[in-house]
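A.B. asks: Sharing a structure, written as structure tokens. Questions coming.
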Amino acid sequence: MSRPVPRKKVVRKSGRVPLASTAFRLRVLVLAVAILFSVAAARAIQIQVVSAPAMAAEAAAKMTVARDVPAQRGTITGRDGQVMALTEATVNIIADPSMIATNGKEPEAMREADHAKAAAAPAEMAAIIAAHTGEPADTIEAKLRHATTTNAQGTSVPVKYTILAKQVRSSVWVELNAALNKVEEGPDGVKRGGYVGVFRESNPKRIYPMGTVGSNIIGFMSEGKGRTGLEAAQEEALAGTKGRERFETSPNGRIPLGNQTLTPAVDGKDFRLTIDPDLQWMVERRLAERVDEVGGTWGTVVVQDPENGEILALANYPSYDSNRPGDAEPGDTGNRAVTAIYEPGSVQKVLTIASLLDAGLTSPDKTYAISDTVKVGDHTVRDAFRHDDIDITTRGILVKSSNIGAITAAREMEPERLRDYLAGFGLGQKTTLGLPGEQSGSLPGAGMPQFQADSIAYGYGLSATSLQMASAISAVANDGVYTAPSIIKATGDHGALVPVPEPETRRVVSEEAARATIEMMEQRTLDSAAQLTIPGYRTGTKTGTARLQGAAGGYEGQVASIVGVAPVEDPQIVVYVLIARPDTLGAGLGMAGPVYRDIMSLALPRYGVPPSNEEEQEKLPLFKE
Amino acid sequence: MTAWETIRETPRRLGAAASQARPQLRSIISPPRRLSPVTFAVLVGSLLVAGMVGMLVLTTVLQNQAFEVRAAQRAASELGYRASDLEAQANRAKAPEALGRRAVELGMVPNPHAVFIDVESGEVLGQPISARGDEMPSLTIAPAPSPAPGADAEEAEGVATEGAPEEAHATEGAVAEEVAEPATEEAVATEPAEPTEPPADAPQPVPAAGVSG
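Chains A and B are the protein sequences, given in the same order. Start counting the first sequence at 1; every next residue gets the next number (the working numbering). Start counting the second sequence at 1001; every next residue gets the next number (the working numbering).
Here it is as structure tokens:
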């Protein structure tokens, strides 16, 4: 019997992997898949649960575009709505030179025709753009050919933005765009046109259609902000508040039903002024002509409605064009009518006499015995007209502009009381037109010495602006009631302007005193009828001449002025003209008189002021016979 | 049997009869209803095609609408530009100096001696004085200079491309040239015979701008 052969035991060597085993391979595959899915699941949990808010926010931020919504700057108009300053929707014409260099295609996708067109396009486009914008064609072509540049790292990068022309009128862009898009077949049979790579971007421009008219009132803008005039003083109200728009985009543009929020812009307020642009223009032209004619250095004119204090014209010369402020001389962009202070001289006598009349200290026919000089402190004051000892009436003091008479008459009033009257007329207090740099001038304090009271009686020792003087005389013309001057008639949203509050008013002198003063001013007109009379109207005037204080102290040159009111029976227009010159030649009547008469002649019929009755006015006594 | 007993017994009898007559019920196994493979494929294919067509239509419509909106926005923008441009041009043309220049071109002269006419009585209020045209030289504006290159080129170019308005302007300029010469003569100022004069039957206060023929 044979012994059974023991079965050979297969011993597997340790560490040997059964790669050929199907089962093993399946196990490995399952394990790998499990690991893969586990990682994916973990990542999903991380994204969906752990970091969900942050990821969502990041995704939203990448999709969301935000941009400002510009606010429309307010418009400034004249009293009847004539536009004096508005914002025009001009555009910058910009180009993408890198796009032009590839004819709008990817470089690798360019065909032979594209290369040919890209090579010729800059010159052809430059010719078209130059014809529309006025920019030099060679400059434009150079910009269009500048398709690459070197950055800080020394790498060549494409130029995608260059400005070809700034603030071009939008109609020019519309026509230029059409010209660039037009395709025409040339005589050589080659099609030209259909150019790519020129765009526009909004860049609104502030324009002043009237140029120099009212430029010292309106001011100008620079770098998006008002720099002078109302543009600067009312910057916040005119500018409005810009809005903000957020929306979701895709490579194809805005997602139609995506999230979008819009905070609308709040447009700036419109301003309607009391200024009459047509009259303003006429006044500016007449003033400029006269200042140049007499060799003056500068001049101002104020035309005011005495009943409501509204400024109808406020002219300066030299002036400037608000559209080209860079061409202006330094100092001419301000408004000397509200910033330049000077001793008003003899026009001031109107206020002195009105005060004395109101206080019951004088009457038109009261006479004062005066000699040829009077001592004021250490100085001796004379009159402009030669005389010995005379008896002059109050009317004569005003008509003949007697300094000695004014001092003599005013000495009957306490200096403090005279000061109070002058303060009531607005002297020494800043006007509130709302223009930058308005000055208050100066008025001596309550405890002033007598010599100072003597000085202010005839217009020295105090200072004022043209606007202050015009408004003070307007108070006399308005039956003794002072009305603060105003230049803004209404303000508010476009089409819904709201009148500004009524200006402050106060009675300074009685109606009787004011009427008597105006009638004395009429005698001044009659005294120089050839130069001052306006046919058909009764007018009252007062001239003045005073030395002008220099910047370094002392006197340098002089100012000649005249104020007129009309018609005397019911004053409705006040015109104040001031011309400064570097020497002491000339006087108020000769220098400023013609400007006053022309302006008043234009203004009276313009505002429907009917002519006065044609009775000839009688000259009344100026001296005691 | 009373009626009551009849009523009571009837259901019982009916039930006994019914139990004897009721057949044996047995379940029937319905054969599974299966679509043929072709039908199923057509169905799925149809659904797929319908979905894709639907998506295509939706996308196309949205794209078209987006294009339309963009085109409309562009048109609105261009029209807004155009309106702004025209508004600016109108305001420039209405400026006092531009009006003064046009008045001079039309042969008008400034009149500083305006008077009133009472419409009812025909009475003249004020002292009528013939305007010579040289009383206020400052109000007489020289005719517009020809557009010069440089700073004004943009403006000149803008006007020049205005088509019809430019033609009108050119025509008016030509008329102005014809009447410019006699404009300073008193005869023209006081005896309005030019076709550009307003009708004489318009009694009203003298033009407020201080300009008359």
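The beta carbon of each residue, even a glycine, is placed where N, CA and C say it ideally should be.
Can you name the start and end residues of the alpha helix (DSSP H) that V399/A belongs to?
C.D. replies: Note, V399/A: alpha helix (DSSP H), T394 to V399.
A.B. asks: From G360/A to D278/A, what does the alpha carbon distance come to, in whole angstroms?
C.D. replies: 43 Å
A.B. asks: I'd like to check one pair, S363/A with E394/A: are the Cβ atoms closer than 9 Å?
C.D. replies: Checking the sequence, you will find Thr at residue 394/A rather than Glu. Yes. Within cutoff.
A.B. asks: To the nearest whole angstrom, what separates the beta carbons of N92/A and I207/A, a pair I think is in contact under 8 Å?
C.D. replies: Incorrect: roughly 16 Å between the Cβ atoms, too far for contact.
A.B. asks: Return helix, strand or coil for F1067/B, following the three-state DSSP convention.
C.D. replies: helix
A.B. asks: Starting from F271/A, follow the beta strand (DSSP E) in both directions and report where the run begins and ends.
C.D. replies: D270 to L273 is the span of the beta strand (DSSP E), which, as asked, contains F271/A.
A.B. asks: Under a CB-based cut-off of 9 Å, is P503/A close to chain E?
C.D. replies: Among the protein chains of the structure shown, namely A and B, there is no chain E.
A.B. asks: What does the Cβ neighbour count give for G78/A, buried or exposed, with the cut at 16 atoms within 10 Å?
C.D. replies: buried
A.B. asks: Find the residues of chain B that neighbour L86/A, judging by a C-beta separation of less than 8 Å, and give them in chain order.
C.D. replies: E1087, A1088 and N1091
A.B. asks: Starting from P499/A and walking both ways along the beta strand (DSSP E), at which residues does that stretch end?
C.D. replies: Unbroken beta strand (DSSP E) run through P499/A: A496 to P499.
A.B. asks: Since F247/A is in the beta strand (DSSP E), which residue starts that stretch and which ends it?
C.D. replies: DSSP places F247/A inside the beta strand (DSSP E), whose first and last residues are G243 to S250.
A.B. asks: Pairing CB atoms from the region 375-386 of chain A with CB atoms from the region 399-418 of chain A, are three or more of them under 8 Å?
C.D. replies: yes
A.B. asks: So with Cβ pairs under 9 Å, would you call I1129/B a contact of chain A?
C.D. replies: yes
A.B. asks: Go ahead and label N216/A buried or exposed: buried means 16 or more other beta carbons lie within 10 angstroms of its beta carbon, across all protein chains shown.
C.D. replies: buried
A.B. asks: May I have the straight-line CA-CA distance separating G154/A from E106/A, to the nearest angstrom?
C.D. replies: 23 Å
A.B. asks: Find the residues of chain A that neighbour E1123/B, judging by a C-beta separation of less than 8 Å, and give them in chain order.
C.D. replies: Ordered by position in chain A, no residue passes the 8 Å Cβ test against E1123/B, which lies about 11 Å from the chain.
A.B. asks: Once you ignore the five residues that flank S442/A on each side, which residues in its own chain have a CB closer than 7 Å to its CB?
C.D. replies: G428, L462 and S463
A.B. asks: Could you tell me whether any Cβ in chain A is nearer than 9 Å to the Cβ of A1066/B?
C.D. replies: yes
A.B. asks: Kindly say whether A1103/B, judged by its beta-carbon, lies nearer than 9 Å to any beta-carbon of chain A.
C.D. replies: A1103/B has a beta carbon lying at 9 Å or more from every beta carbon in chain A.
A.B. asks: Under the assumption that G309/A contacts P503/A (Cβ atoms under 8 Å), give the Cβ distance between them as a whole number of angstroms.
C.D. replies: 5 Å
A.B. asks: Locate the beta strand (DSSP E) running through A369/A, then write down its first and last residues.
C.D. replies: T367 to I370
A.B. asks: Scan the region 597-609 of chain A for residues whose Cβ lies nearer than 7 Å to a Cβ of chain B and list them as they occur along the chain.
C.D. replies: D598, S601, L602, P605, R606 and G608
A.B. asks: Does A1164/B get closer than 9 Å to chain A when you measure Cβ to Cβ?
C.D. replies: Caution is warranted here: a pLDDT of 31 is assigned to A1164/B, below 50, making its placement in the model unreliable, and no coordinate value can be reported.
A.B. asks: So which of T543/A, E556/A and P610/A has the shortest CA-CA distance to V577/A?
C.D. replies: T543/A
A.B. asks: Using DSSP's beta-bridge definition, name the partner residues of T541/A.
C.D. replies: G564/A
A.B. asks: In the DSSP assignment, find the beta strand (DSSP E) that holds K143/A and state where it starts and stops.
C.D. replies: No beta strand (DSSP E) contains K143/A, which is instead part of the alpha helix (DSSP H) from A137 to R145.
A.B. asks: Taking H379/A as part of the beta strand (DSSP E), name the residues at either end of that continuous run.
C.D. replies: H379 to R382
A.B. asks: Measuring only the C-alpha atoms, how far is T1006/B from R1022/B?
C.D. replies: 24 Å
A.B. asks: How do the region 219-227 of chain A and the region 320-337 of chain A stand: do at least 3 beta-carbon pairs fall below 8 Å, yes or no?
C.D. replies: yes
A.B. asks: So if I threshold CB-CB distances at 9 Å, which residues from the region 1040-1057 of chain B count as touching chain A?
C.D. replies: none
A.B. asks: Is the CB-CB distance between V595/A and L312/A below 9 Å?
C.D. replies: no
A.B. asks: From the beta carbon of M1136/B, is the nearest beta carbon of chain A less than 9 Å away?
C.D. replies: yes
A.B. asks: Residues in the region 87-100 of chain A with C-beta within 9 Å of chain B's C-beta atoms, listed in sequence order?
C.D. replies: T87, E88, A89, T90 and V91
A.B. asks: Exposed or buried, what is H494/A when buried is set at 16 or more other beta-carbons lying within 10 Å of its beta-carbon?
C.D. replies: exposed
A.B. asks: Please identify the residue among F1067/B, S1084/B and S1077/B whose C-alpha is closest to the C-alpha of T75/A.
C.D. replies: S1084/B
A.B. asks: Along the region 289-305 of chain A, where does the CB come closer than 7 Å to a CB of chain B? Name the residues.
C.D. replies: E289
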